[in-house]
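Taking this note's numbering, the leading residue of the sequence shown gets 1236, the next gets one more, and so forth.
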Amino acid sequence: MLASTPIQPEVNIGTLGHVDNGKSTLVQALTGVWTARHSEELRRGITIRIGYADAHFYKCPAHRGPVSYSTSRKCPICGSDTKFLRAVSFIDCPGHHSLMVTMLSGAALMDGALFVVAADAKFPQAQDREHLLAAEMVGIRNLIIVQNKIDIVERERAVENMHEILRFLKGTSAENAPIIPISAQHNLNVDLLIETIEKKIPTPERDTSAPPRMYVLRSFDINKPGTRAEHLSGGVLGGSIVQGVFHVGDQIEIRPGLRVDDGGKKHYQPIFTVIRSLRVSGGEVFEAGPGGLVGIGTALCPSVTKADGLVGSMVGKEGMLPEVLSKVTLDVQLFEKAVGTEDLVTVEKIRTNEPLVLNVATAVTSGVVTSARENVIDVSLKRPICVDPNFKVALSRRIGDSWRLIGYGTLK
1236 MLASTPIQPE VNIGTLGHVD NGKSTLVQAL TGVWTARHSE ELRRGITIRI GYADAHFYKC
1296 PAHRGPVSYS TSRKCPICGS DTKFLRAVSF IDCPGHHSLM VTMLSGAALM DGALFVVAAD
1356 AKFPQAQDRE HLLAAEMVGI RNLIIVQNKI DIVERERAVE NMHEILRFLK GTSAENAPII
1416 PISAQHNLNV DLLIETIEKK IPTPERDTSA PPRMYVLRSF DINKPGTRAE HLSGGVLGGS
1476 IVQGVFHVGD QIEIRPGLRV DDGGKKHYQP IFTVIRSLRV SGGEVFEAGP GGLVGIGTAL
1536 CPSVTKADGL VGSMVGKEGM LPEVLSKVTL DVQLFEKAVG TEDLVTVEKI RTNEPLVLNV
1596 ATAVTSGVVT SARENVIDVS LKRPICVDPN FKVALSRRIG DSWRLIGYGT LK
């Protein structure tokens, strides 16, 4: 049944920070959803893929201050009806060092972020530095520092950790970010965090008149094993609409598309299909625009979308997407030190024939540098990308056993 009221989330908020700081627990406290839902994630106890969940924020008119904020239609204190404020999508990014390229894909969609710090651990750790620099690089300016696990430390340690945070943030774009002490495990100060989100992470202005575009963050086959062919549902694309509005019934194009073998020559072919359904925040709608995470039900064979097969694609109206590029030229800005390593490693100049990993919005692709000049490089891509000119691209280099962020490039 189609939703009778608009429930689409207005804003994407990410969770950043080192592994085991409590990011998924925090998202569960805010949304009721445990985002690490895949078998390997449950076994290892860490987020591997991008997780996501939606929350609705409410305010009780009978109270003032943080206690008036909740995620409930009834006030937890007095039982009164609360006033709906807005719906929010949370993007839960992995904090493990080996999954940095995955984190960057999620960061590309964030309007703001919760930077989660564990009060019981020394701060900062390697991925804390990496995540903060990544947030600055992709332009996330609305940042809230969440000091988690204050329920398991003494007051002296909580204060010491606060000073560690302040020293770390000094001189960065997050120097004046609010710091909220909480216990996600026990829902302590979650009301204060919601109030801070409402004040510090506003809904951005969106361009709904432009040709619609969506970055694909996940793709699925929602059919259960053994479903008869005549009862199969089409493949589903999950992501965030960055401009314009999609409607049920729209003819859409997906780029770069599918890899095909044409007489021994491999290339990518755009996919054309129709929107059969649009789902936002637990309900179906006739149209969806920018803000939050959206599921597009298509007429595609579910084998095409299963297991994140179309992650990194761009979706738009037929004939209205940017060119697909298999070779790119980038104006490069390198960091002084590699990000995420335990020891500070100086970033050397990029060399011809060097392999790199590029994050372009939600797309992750590898490439080989075919030409390296002073601050300009040409890269031949293993998987092509669909992107506008002047887009900012994250660059990672193999250092030790992991790909480490070394800088960014702007598409020429």
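The beta carbon of each residue, even a glycine, is placed where N, CA and C say it ideally should be.
What does DSSP give as the partner residues of residue i in its beta bridges?
i     : result
D1496 : K1501
N1383 : A1353
Q1568 : Y1643
P1416 : Q1382
V1628 : G1644
K1405 : K1405 pairs with nothing; no bridge assigned.
K1562 : S1615
G1474 : V1451 and V1529
F1292 : R1321
What is the DSSP secondary structure of residue i, reduced to helix, strand or coil?
i     : result
I1400 : helix
K1453 : In the sequence as presented, Lys is not what sits at residue 1453; that position holds Arg. Strand.
R1441 : coil
K1434 : helix
S1538 : helix
A1596 : coil
I1242 : coil
D1543 : helix
V1323 : strand
R1364 : helix
S1601 : strand
H1466 : helix
I1634 : strand
M1549 : strand
I1656 : Outside the shown range of the chain (1236 to 1647) lies residue 1656, about which nothing can therefore be said.
S1512 : strand
I1375 : coil
P1619 : strand
I1312 : coil
L1591 : strand
S1606 : strand
To which residues of the same chain is residue i closer than 8 Å at the C-beta, ignoring the five residues directly before and after it?
i     : result
A1611 : Before going further, note that residue 1611 is Val rather than Ala in the sequence given. For V1611, where only same-chain residues beyond five positions count, the Cβ hits under 8 Å are T1564, L1565, D1566, V1567 and K1647.
L1261 : T1250, L1349, V1351, V1381, N1383, I1417 and A1419
I1400 : V1352, F1358, I1380, Q1382 and I1414
L1423 : I1385, D1386 and I1417
Q1478 : R1441, D1442, T1443, A1445, P1446, P1447, R1448 and P1525
In chain order, what residues of the same chain have a beta carbon less than 6 Å from the beta carbon of residue i, not counting five sequence neighbours either side?
i     : result
F1403 : P1359
G1544 : S1454
C1310 : C1295 and T1317
V1539 : G1470
G1530 : V1471, G1473 and R1514
G1347 : I1248, N1377 and I1436
Sorted by chain position, which residues of the same chain lie with C-beta nearer than 7 Å to residue i's C-beta, five sequence neighbours on each side aside?
i     : result
P1619 : P1491, Y1503, V1559, L1560 and S1561
L1569 : V1582, I1641 and G1642
S1307 : Y1293 and T1317
V1580 : K1572, A1573 and I1634
Are the CB atoms of residue i and residue j nearer to each other than 8 Å?
i     : j     : result
N1247 : S1548 : no
V1425 : A1264 : yes
G1532 : S1512 : yes
N1458 : P1537 : yes
S1324 : P1439 : no
I1487 : E1553 : yes
Examine chain B for any beta-carbon lying closer than 8 Å to the beta-carbon of residue i, and answer yes or no.
i     : result
E1440 : No chain B appears in this structure, which consists of one protein chain only.
Please specify which runs of the beta strand (DSSP E), each continuous and at least 3 residues long, are wholly inside the region 1248-1272, giving them in chain order. none
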